[in-house]
Every structure is written in C-alpha cells, then in structure tokens.
Amino acid sequence: MSFEVHVNGRPSDIEPRAGQCLRTYLRERGWFGVKKGCDAGDCGACTVHVDGEPVHSCLYPAVRAEGRSVTTVEGLASPDGELHPVQRKFLDAQGYQCGFCTAGFLMTTAALEAERDTPHDDGKLDDLPRAFKGNICRCTGYRAIEDAVRGVKHTERPRAGKAVGRNVRAPAGPGVVTGTARYTFDVEVPGLLHMKLLRSPHPHARILAIDTSAALRVPGVHAVLTHEDAPATLYSSARHEHPTEDPDDTRVLDDVVRYVGQRVAAVVADSERAAEEGCRRIEVTYEELPYVIDPEEAMRPGAPVVHAGKGPEQRIARVADNVAGEVHGEIGSVEDGFAEADVVYEETFRTQRVQHASLETHGCVAFFEPKEDGTGERLTVRSSTQTPFLTRRALCALYGLPEDGVRVVAGRVGGGFGGKQEMLTEDVVVLAALKLRRPVKLEYTRAEQFHGATTRHPFTVRIKVGARKDGTLTAVRMRVVSNTGAYGNHGPAVMFHSVGESFAVYRAPHKKVDAYSVYTNVVPAGAFRGYGLGQVTFAVESVMDELARRLGMDPLVFREKNVIGPGEAMHSPIGEEEDLHIASYGLDQCLSVVRNALAGDRSAEDAPEGWLVGQGTGLAMIATGPPGGHYADARVSLLEDGTYDIAVGTAEFGNGTTTVHQQITAGALNTTEDRTAVRQSDTDVVRHDTGAFGSAGTVVAGKAVLLAATSLAERLRTLAARHTGTARHLCVLGAESVDCAGRTVTLKELYGAGHALGAAEELAADGHWGGSPRSVAFNAQWFRIAVDPGSGEIRVLRSVHAADAGKVMNPMQCRGQVEGGVAQALGATLFETVRVDGRGEVTTAAFRRYRLPQYADVPRTEVHFSETTDAIGPLGAKSMSESPFNPVAPAFANALRDATGIRFTELPLTRDRVWLALDRRARDVGGKDGHVGGEAS
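Mapped onto our numbering, the consecutive letters of the sequence shown carry residue numbers 2 to 938.
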C-alpha cells in the first residue's frame with residue numbers, strides 16, 4: 002500500500018503501523034508539540050488539525066490521515082516564522098503555566114477562529130465552556146486562557162533595572178506557543194529501548210516464583226527484570242534533602258507486593274508493543290496474604306502487618322501496628338481548657354484521595370554518553386522530576402555509582418504539584434540501562450498515574466474546640482489519622498507538617514495533638530500541594546466557623562479575635578520551630594479584603610429563584626519553605642556577548658521561578674531580563690539544589706540568585722574601575738554598559754578586559770542559600786454560592802482570594818498561581834476523588850472517570866495581594882505556589898453551611914451528597930441543622 006500525508010506542508014510516505022494513532026505517528030516523525038496527556042481523548046493536549054478540522058490525535062487512526070493535510074502547533078506560524086495571531090495572543094496574555102496543554106488550546110482556538118464569519122461558525126468562541134469541553138488545563142485555573150482568547154494583554158516590555166514587580170513574560174513563552182519547548186520525552190535517542198511494567202493483581206502477596214521464559218521469547222524483548230535482578234537495598238521514593246525524614250521501606254522490585262498496581266517485573270524491548278506482550282507472557286506464582294484497607298483497622302491488634310520484618314532501623318515507628326510515623330504533644334492542659342469554655346464543639350472530618358493529574362505523566366530516559374574528559378562513559382537520566390540533584394544522590398547510593406558518573410537533567414516539566422518529588426521511574430530504568438548498556442525509556446500511561454504513582458493523603462481528623470462567651474478560644478485538641486498507603490514515602494513528614502501551621506495560626510492556651518501516619522494495602526500517598534495542611538485546615542476552619550455560629554458571633558469577627566498577630570510566637574503542640582518567624586504580616590489585610598467583599602456584594606441577586614444562598618470564609622498560614630534546610634546554589638556570569646548567564650538547579654514546571662530568577666538578576670545588574678538566560682534543572686549546572694518543592698523556587702533558589710547577582714554587580718563595578726582608572730563609586734552598571742564617570746564601557750569590552758587583566762574570575766559570582774530562617778505566608782478565601790435544593794447543584798456566585806505574598810515579584814504570574822491553586826482546590830472540594838474498591842484497587846484510572854475541573858467548572862476568582870515586604874525573603878518576597886489551595890475547601894463548606902444550615906464534614910461535596918442531606922432534613926431526619934459526613938474511601 003502506498004501512503005502519503007502532508008504534515009505542516011511536508012510530505013511523509015512512511016506507513017503507520019497497524020492500529021497506530023496519529024499522535025504517536027507524528028511524535029515519531031519529530032513533531033513533539035503534539036503531547037500525550039491522557040491516552041483516551043479526554044485532555045486535548047494532542048489536538049491537531051486534519052484538513053483544518055481539530056481532532057484528538059490520540060483517538061484518530063494514523064491511516065485515516067492518508068492523502069490529508071495535518072497541521073500541528075509547529076505549523077501554525079507562517080513559513081517565515083511570523084506567529085499565528087492566536088499564538089501571539091497566548092504570549093501576550095501568558096495563557097499558560099507549565100504549557101503542556103497549551104498546544105491543544107492553541108489548535109482548538111485557531112480552528113474556531115478560522116470558522117469566524119463562515120457558514121460553519123456556530124458561536125463557540127462566544128461560549129468558551131462549550132468550545133473547550135475537550136481541553137483540560139491543570140495549572141492556570143483557565144482565566145489566563147480566557148484572557149488569551151479574548152486578546153487581553155498582560156505582559157510588559159522590558160525596562161532596565163525595573164524588572165521586579167512587573168508582568169515580565171516567561172522566557173519559555175515562545176517555545177511553548179510554537180511547540181518547540183522540550184519536555185521530558187521530546188528528544189530523539191538513537192537505539193532507544195522501551196520498558197513496560199507488570200503490576201500486581203493482589204493487594205498483598207508474596208511472590209513464590211516468576212517464569213520469564215515465554216516473555217523472553219517475544220521478538221524484540223531484550224530483558225525481563227524481577228526482584229532477583231534488583232538490589233536488596235531499602236530506600237524511600239520520597240525526595241528530601243535529608244533522607245532520614247522518610248522510612249526506608251521500598252525496593253526497586255520486591256518479592257512481596259503490598260497493593261494492587263505495585264510493579265512486579267520490568268520488560269525491556271525494541272517497542273512498547275513488544276514490551277507489553279512480554280508482560281502478558283510472564284507467569285507469576287503468588288501466595289496471597291491478608292490485607293487491610295482502612296487505617297483505623299490497620300492499627301488494631303491482630304491486623305495484617307503491611308511491612309512485616311522491618312523495624313526502627315528503617316525508621317518505621319511501630320511496624321506491628323502499621324504506624325509509619327506518629328507525633329504527640331500538648332501545650333497546657335486541654336482538659337482544663339475545655340472546663341474553662343462556655344461552648345465546646347467536636348466533630349470528625351474526612352478528606353479523600355486526590356490525584357495530582359499533571360498532564361505530563363511520570364517517566365524518564367536513561368542513556369550513556371561520553372565523559373567530557375574522554376575517560377569513558379557516564380549515565381545520563383532525563384526525567385520529569387522536581388528534584389534532579391536528590392534523584393542523582395539516590396541513584397548513586399542505590400547502585401554504588403560515583404556522583405560524577407551520573408547526570409540527572411529535567412527538561413521542561415509538564416506539571417508537578419508535589420507528585421514529582423518522588424523517584425518512581427528512575428530507579429528501575431537505571432537498573433535496566435546498567436544491565437543492558439543501552440538507552441531505556443519508561444513513560445507512564447494515564448492509568449498508571451492513578452494506580453502506580455501517588456495521591457494526596459486521605460485524612461480523618463477528630464477535632465474538639467472550646468471558647469468563652471466573648472469568643473476567646475480556650476482549647477484545641479486534634480486526633481489525626483493519615484492513610485499513607487502501602488509505602489511511607491512522605492507519610493510521616495506530611496502528617497507532621499499537617500499539624501504545624503494549622504495549629505499555630507490560632508491563639509489558644511491549651512492545645513493537644515495525637516497524629517498517626519498509617520500503612521494500608523492501597524496505592525501509596527505522597528507529596529501534594531499544601532503537604533497535609535489543606536486536609537487539616539478543612540477541619541480547623543470548619544470548626545472555627547461552627548463554633549462562632551454557636552456563640553452567636555460573626556465568623557469573621559471570631560477569626561480576627563483569635564488569629565495570631567504580628568510579632569507573636571507561633572505555638573503548636575508538636576514543638577516550636579526556632580527558625581520560623583512572622584517576618585511580615587498580611588493576614589489582617591487578607592481578612593479586610595473579605596470584609597470589603599462582603600460589604601459591597603450583590604452577587605446573591607444572581608441566584609436562581611428558590612435556590613439557597615450562603616457565604617463563607619477560610620484562612621490558612623504556611624511556612625515559606627520546608628524545615629531542616631533547603632539548599633540552593635546559583636551562579637551568575639557575564640558572557641562574551643555582553644549578556645548574562647544564570648545557572649540554577651531548581652526545576653521549572655509552570656511555577657514561574659525561571660522568570661523570577663531573571664527579574665531578580667536584571668534588577669541587581671540594572672539590565673533587562675531579555676539580556677539574561679537561565680540554565681537550570683541539570684546536575685551539571687551548579688553544585689547543588691534541593692529541588693522545586695515546598696514553595697522554595699523564589700524564597701530559596703531566588704535568594705541564592707540574588708546573592709550571586711548582587712555579588713557580580715560589585716565585581717563588575719570593581720573591574721570597570723580598574724579597567725578605566727575611575728573611582729569605583731563612579732562606575733554605574735547599565736543595561737549594556739558601565740558608565741565610568743562619563744566614559745562608556747560596553748559589557749562586551751568589560752568581558753575582554755577581565756580576561757586581559759587576568760581577572761576572568763571576576764566575571765562570575767556564586768550565591769548560596771540554606772533555606773533558613775523562614776517566614777510565613779497567609780491566605781484567605783471567600784465564596785458566595787447558591788444551592789438548588791431540588792438537585793444539590795451548587796453554583797459559585799462570587800469567589801474572592803486574598804494572598805499575603807510579600808513583595809509580589811511578578812503580579813501576573815503570582816495571580817496565575819493563586820487562580821490555579823483555587824481551581825485545583827475546587828476540584829478536590831467538589832468532585833475529584835480517587836476511588837478504591839474493597840481490595841484497595843483504584844477504580845477511577847482515567848480522566849473521564851476521575852472528573853477534573855474543566856473550563857465550565859471554574860469561576861473567575863478575584864485575586865488581591867496584601868501590601869507587605871518580608872524581612873527574610875529575597876527583595877521582600879514570600880512563597881505563593883502551595884498556599885492558595887489550603888483555605889478553599891473550608892471556605893466552600895462554610896458557605897454551604899450558611900446556605901443550607903447543614904455542616905458537611907466529608908469531601909468531596911458532590912451534588913448527590915448535598916441533595917441527600919437536604920432531602921434527609923426535609924424529611925426531618927436530623928433536625929433543622931445537621932451534620933453530614935460518611936465513610937471516606
């Protein structure tokens with residue numbers, strides 16, 4: 002059969018394989034702008050035009066493209082490189098964050114724009130919820146995308162020395178909108194082999210035998226790896242600066258499986274198809290073992306032990322009781338505090354599993370490349386990771402490799418949200434690469450993301466609070482149980498963090514906590530945006546609202562009376578963190594934003610007749626970095642062409658740190674950000690960087706960049722003075738030159754002078770920051786909602802978010818972080834849940850079954866920033882990546898309580914749950930005001 006298709010105007014006569022979809026056909030031809038996000042036509046990241054019509058190329062058979070013209074995002078621009086109008090709009094509005102979904106939105110928008118004023122125009126561009134029903138964005142909250150489509154411009158032109166505080170465009174923008182930004186798998190590696198994983202069908206079992214002979218006979222299969230090939234070393238998949246924060250309870254491949262979906266064997270072959278067939282041919286003999294799904298049951302005497310045979314040497318608190326970690330503490334005497342109270346309220350709250358759902362799945366490629374000194378080869382791992390340096394350290398420890406023999410590099414990362422603060426693929430891929438001495442790739446499917454990666458920790462929080470008649474809190478007590486799943490990666494640390502700032506934000510003389518991180522035979526939980534605070538904040542803010550109502554007080558006034566104030570010590574029963582300070586205070590401004598929103602609000606008028614209307618608030622405090630040290634090295638250098646190079650280790654995945662690092666450098670060197678370039682996410686670039694997590698990209702890596710850039714500015718002035726014989730204080734740095742008392746020395750000339758004077762070392766400077774001391778950031782969320790009592794449907798009438806981010810480095814980007822955090826939190830509040838069955842098996846392993854927020858689900862949130870300047874953060878900045886998530890669920894639940902008179906105690910707040918509670922009350926079950934919870938799966 003003859004086959005020909007034109008892709009972006011270029012003919013291709015290579016026939017597709019039987020059953021091949023158009024997406025993989027295009028990517029194999031090098032059109033990497035076509036993304037893999039869902040495998041099922043749910044996310045739209047793979048959208049292309051076929052004869053001008055937008056299609057999801059993951060569903061479109063490649064053979065159907067015969068004789069047709071296919072356009073990918075790389076082909077939108079004109080042949081001379083001029084951007085398509087839609088690409089320009091997305092650049093001007095910065096209608097993206099990580100950018101992995103952007104090609105899909107661009108292609109959809111461009112197709113609809115082409116239909117304007119034609120017989121095919123059905124008005125979709127005037128109805129964006131309908132236009133984008135086939136496209137998902139996990140990062141932006143959709144406002145930036147709407148602004149892009151509508152032609153709203155947010156980005157500002159560069160101005161020398163005036164970068165900080167302005168809407169500077171992300172440097173990756175042109176690459177994102179043209180499809181040339183390179184994500185993890187957007188590279189061609191000669192001789193690449195593909196890995197697929199055989200996973201456990203049992204929640205708990207011992208492997209008695211594995212027969213791989215049939216798998217090895219599959220044509221194209223090179224190796225089948227089992228526990229017999231893997232090192233016996235135990236480690237944690239969690240990545241922290243200090244590995245001792247996490248239990249060492251994991252093997253690369255284990256002879257005991259502890260949840261449905263755990264990897265059993267790895268097949269490496271010439272193609273994914275051959276590797277998949279190899280997996281099907283493996284015969285495994287299992288001895289099934291008792292299992293436990295519920296964490297409370299797991300702690301009871303006689304429960305199946307998930308990690309039998311391990312103990313304190315693996316940093317597991319109580320193996321026999323399935324307790325991975327625990328913390329207990331008390332300030333004062335809560336019993337005395339409750340005795341002093343006039344009103345006491347106690348309730349149990351539950352939060353569910355949530356998937357990170359970053360559109361780029363986990364995966365990596367490992368290959369060998371010659372060492373620069375010609376002394377042999379070294380291993381390079383290209384990974385979708387938030388922690389390149391920590392991953393290298395772990396791989397070297399696991400396989401006994403020298404650090405200079407391993408390089409870990411991240412391309413642009415397609416979303417993280419904490420999920421890529423793990424080593425989930427690199428360990429097994431490196432095992433195969435070392436065995437075969439060939440390049441090996443493993444890329445998770447969307448289903449594997451659900452049953453083979455990690456989730457947010459489900460929490461059960463029993464909380465009791467007491468207060469006097471005047472509204473003064475007397476006591477707070479919590480019992481917290483976190484389900485860490487089959488492995489303890491992040492489990493104890495998330496549990497510990499969850500009861501820190503959530504306690505400390507409120508003053509009370511008596512506080513007590515008992516918290517447990519518990520093993521069960523389900524998919525492991527891990528790091529997730531907020532790192533446990535969101536789960537406990539849901540409980541804390543709900544009970545504060547309820548306690549205020551029972552006291553007859555305005556919940557906002559009650560909060561203002563009891564929240565911590567500027568300069569006050571932060572007290573939590575888990576102990577005080579000596580390096581944590583209120584280095585700036587904007588919580589009062591955040592609450593004022595809520596009060597002002599309430600005062601002038603008329604959104605209730607938009608509620609349909611007969612619907613119930615209510616409003617509610619939630620607040621949160623978060624440390625601006627993780628405890629125990631978070632390190633960053635940076636180097637800023639003057640280059641021969643008179644521009645600057647910024648070398649920093651932290652990864653970019655839509656968090657905006659690359660832009661901020663350019664802004665900091667441009668400000669310190671009195672230049673424009675377009676005269677700087679960033680090299681990052683590569684263990685070759687700088688000495689060390691802990692990683693892009695804990696909201697550290699600005700406050701830790703940014704501080705290191707500031708120190709390096711400030712030091713370089715001093716060095717360059719000194720060098721210019723020496724070169725010209727001018728007093729140093731008369732040498733002023735400019736965008737492209739140094740003014741030395743009227744004599745202009747270009748930066749190119751200064752570079753040459755540095756070498757001529759034997760002072761080349763003065764052309765670069767290093768910065769280091771250890772992440773301590775730390776400050777705190779504050780957020781407050783307010784909603785007005787309407788509820789249909791006949792169906793349980795909820796509409797957001799108005800959403801307002803106030804954020805204390807210190808000096809806002811880039812308002813456009815920071816607003817995007819807030820909007821994205823609110824949108825993601827709304828998904829977790831209203832419908833997202835990773836469901837498991839009675840055996841712990843995930844039953845929602847696809848986007849269409851899991852239900853992510855789409856354009857139509859997300860309201861436009863009004864974002865307000867407090868005017869504060871932090872005494873610790875770089876140039877007064879604080880973090881704002883994680884914290885917007887935390888107050889959203891309680892604010893929504895409090896609004897729902899206000900509207901319905903019912904206190905909902907379990908997430909998500911689905912329509913059926915709301916309707917059932919309203920129906921139950923209508924039938925007088927539970928009285929006028931009730932409490933609705935249930936069992937969390």
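For glycine and all other residues, C-beta sits at the position ideal for the given N, C-alpha and C. Owing to the predicted nature of the structure, the values given are computational and were not obtained by experimental measurement.
Exercise. Which of the three DSSP states, helix, strand or coil, is assigned to H730?
Worked result: Here residue 730 refers to the residue found at position 729 when the sequence shown is read from its first residue. Residue state, collapsed to three classes: helix.
Exercise. Is the CB-CB distance between A722 and A669 below 8 angstroms?
Worked result: Position 721 of the sequence shown, counted from the start, is the residue given in the question as residue 722. Position 668 of the sequence shown, counted from the start, is the residue given in the question as residue 669. Against a cut-off of 8 angstroms, the Cβ pair of A669 and A722 comes out as no contact.
Problem set entry | Proximity of L613 and V788 at Cβ, strictly below 8 angstroms | One-based indexing of the sequence shown puts residue 613 at position 612. One-based indexing of the sequence shown puts residue 788 at position 787. Their beta carbons are under 8 angstroms apart, which means L613 touches V788 by this criterion.
For this session: State yes or no: is the C-beta of A321 within less than 8 angstroms of the C-beta of G492?
Result: Here residue 321 corresponds to residue number 320 of the sequence shown, with the count starting at 1. Here residue 492 corresponds to residue number 491 of the sequence shown, with the count starting at 1. It is not a contact, given that the beta carbons lie outside the stated cut-off.
For this session: Grab the span of the alpha helix (DSSP H) containing D405 for me, first residue to last.
Result: Mapped onto the sequence shown, residue 405 falls at position 404. Element bounds for D405: n/a, residue is neither H nor E.
For this session: Whole angstroms is fine: what's the gap from G162's alpha carbon to Q663's?
Result: Indexing the sequence shown from 1 puts residue 162 at position 161. Indexing the sequence shown from 1 puts residue 663 at position 662. The straight-line gap from Cα to Cα measures roughly 11 angstroms.
Exercise. In the structure shown, what three-state DSSP assignment does Q818 receive?
Worked result: Position 817 of the sequence shown, counted from the start, is the residue given in the question as residue 818. Here Q818 sits in helix by DSSP.
For this session: Determine the burial state of D565: buried for a count of at least 16 other Cβ atoms within 10 Å of its Cβ, exposed for fewer.
Result: Translated into the one-based positions of the sequence shown, residue 565 becomes position 564. It is Ile, not Asp, that sits at residue 565 in the sequence shown. Per the 10 Å Cβ criterion, buried.
Problem set entry | Beta-carbon proximity list for V382, same chain, < 6 angstroms, skipping 5 on both sides | The count along the sequence shown starts at 1 and reaches residue 382 at position 381. These residues qualify, in order along the chain: C365, A367, V409 and E427.
Exercise. In angstroms, rounded to a whole number, what distance separates the CA positions of S483 and T845?
Worked result: Numbered from 1 along the sequence shown, position 482 holds the residue referred to as residue 483. Numbered from 1 along the sequence shown, position 844 holds the residue referred to as residue 845. Each residue's alpha carbon lies about 21 angstroms from the other.
Problem set entry | Residue nearest to M810 in terms of C-alpha spacing, selected from W783, G841, V700 and A111 | Position 809 of the sequence shown, counted from the start, is the residue given in the question as residue 810. When only C-alpha atoms are compared, the closest one is V700.
For this session: Going by CA-CA distance only, name the one from P510, P891, P774 and G42 that's closest to E341.
Result: Residue numbering aside, residue 341 sits at position 340 when the sequence shown is read from its first letter. It is P510.
Problem set entry | Residue interval of the beta strand (DSSP E) (run including K465) | Translated into the one-based positions of the sequence shown, residue 465 becomes position 464. That run of the beta strand (DSSP E) goes F460 to A468.
Problem set entry | As assigned by DSSP and simplified to three states, the class of S214 | Residue mapping note: residue 214 aligns to position 213 of the sequence shown, counting from 1. It is helical.
For this session: Check H756 in the structure and name its three-state DSSP category.
Result: Within the sequence shown, residue 756 is the residue found at index 755, counting from 1. Helix, per DSSP.
Exercise. Between the segment 257-277 and the segment 511-524, do three or more beta carbon pairs fall short of 8 angstroms?
Worked result: yes
For this session: Pick out the complete beta strand (DSSP E) segments inside the segment 302-346, 3 residues or longer, and give them in chain order.
Result: 324-332
Problem set entry | Test item: CB-CB of F369 and L360 under 8 angstroms | Along the sequence shown, one-based indexing puts residue 369 at 368. Along the sequence shown, one-based indexing puts residue 360 at 359. No.
For this session: Please report the Cβ distance between V225 and I283, rounded to the nearest whole angstrom; I am assuming they are in contact, meaning their Cβ atoms lie under 8 angstroms.
Result: Counted from its first residue, the sequence shown places residue 225 at position 224. Counted from its first residue, the sequence shown places residue 283 at position 282. About 7 angstroms; that satisfies the 8 angstroms criterion.
Problem set entry | Host alpha helix (DSSP H) of V837 (start-end) | Translated into the one-based positions of the sequence shown, residue 837 becomes position 836. That residue, V837, is in no alpha helix (DSSP H); it is neither H nor E in DSSP.
Problem set entry | Close Cβ partners of R729 (< 7 angstroms) along its chain, the five nearest in sequence each way excluded | Here residue 729 is taken as the residue at index 728 of the sequence shown, counted from 1. Result list for R729: R718, T719 and A722, in chain order.
Problem set entry | Among R921, R850, A894 and R904, nearest to A41 - alpha-carbon criterion | Within the sequence shown, the letter at position 40 stands for residue 41. Comparing Cα positions, the closest option is R850.
Problem set entry | Whole-angstrom distance between T388 and T651, CA atom to CA atom | Counting from one through the sequence shown, the residue named residue 651 turns up at place 650. Counting from one through the sequence shown, the residue named residue 388 turns up at place 387. C-alpha separation (whole angstroms): 8 angstroms.
Problem set entry | Test item: CB-CB of L731 and A714 under 8 angstroms | Counting from one through the sequence shown, the residue named residue 731 turns up at place 730. Counting from one through the sequence shown, the residue named residue 714 turns up at place 713. Not closer than 8 angstroms, so no.
Problem set entry | Nearest neighbour of A1, chosen from G415, P556, F866 and K562 [CA to CA] | Lying before the first or after the last residue shown, residue 1 is absent from the chain, which here runs from 2 to 938.
For this session: Check whether the Cβ atoms of S543 and A894 sit closer than 8 angstroms, and answer yes or no.
Result: Position 542 of the sequence shown, counted from the first residue, corresponds to residue 543. Position 893 of the sequence shown, counted from the first residue, corresponds to residue 894. Against a cut-off of 8 angstroms, the Cβ pair of A894 and S543 comes out as a contact.
Exercise. So, R24 versus R861, is the Cβ gap smaller than 8 angstroms?
Worked result: The residue you call residue 24 lines up with position 23 of the sequence shown. The residue you call residue 861 lines up with position 860 of the sequence shown. Cβ atoms of R24 and R861: not closer than 8 angstroms.
For this session: Return the residue from the list M479, G310, V477 and G531 that minimises the CA-CA distance to G420.
Result: In the sequence shown, residue 420 corresponds to position 419, counting from 1. If we check each option's Cα against that of G420, G531 comes out closest.
Problem set entry | Buried or exposed (CB count within 10 angstroms, at least 16 for buried), H940 | Given that the chain is displayed from residue 2 to residue 938, the structure contains no residue 940 and the question cannot be resolved.
Problem set entry | 4-residue-minimum alpha helix (DSSP H) runs that sit fully inside the segment 676-752, ordered along the chain | 703-725
Problem set entry | Presumed contact (8 angstroms Cβ cut-off) between G822 and V915, rounded CB distance | Here residue 822 corresponds to residue number 821 of the sequence shown, with the count starting at 1. Here residue 915 corresponds to residue number 914 of the sequence shown, with the count starting at 1. Not really, about 24 angstroms apart at Cβ, beyond 8 angstroms.
Exercise. What residue does the alpha helix (DSSP H) around V150 start on, and which one ends it?
Worked result: Along the sequence shown, read from residue 1 onward, the residue named residue 150 stands at position 149. Unbroken alpha helix (DSSP H) run through V150: R144 to R151.
Exercise. Whose C-alpha, out of G626, F559, L599 and E606, is nearest the C-alpha of L581?
Worked result: Position 580 of the sequence shown, counting from 1, holds the residue named residue 581. Closest by alpha carbon: G626.
Problem set entry | Whole-angstrom C-beta distance between V268 and G279, which should lie under 8 angstroms | In the sequence shown, counting from the first residue as 1, residue 279 sits at position 278. In the sequence shown, counting from the first residue as 1, residue 268 sits at position 267. Their Cβ separation, rounded to whole angstroms, is 4 angstroms, which keeps G279 and V268 in contact under 8 angstroms.
Exercise. Looking only at DSSP bridge pairs, what is S638 linked to?
Worked result: The residue labelled residue 638 in the question sits at position 637 within the sequence shown. In the DSSP output, where bridge partners are listed per residue, S638 has D646 and A765.
Exercise. Using the rule of at least 16 other Cβ atoms within 10 Å of the residue's Cβ for burial, across every protein chain shown, is E936 buried or exposed?
Worked result: Residue mapping note: residue 936 aligns to position 935 of the sequence shown, counting from 1. Because the pLDDT at E936 is just 35, under 50, the model does not fix this residue reliably, and the value given afterwards should be weighed accordingly. Counting Cβ neighbours within 10 Å, E936 comes out exposed, since fewer than 16 surround it.
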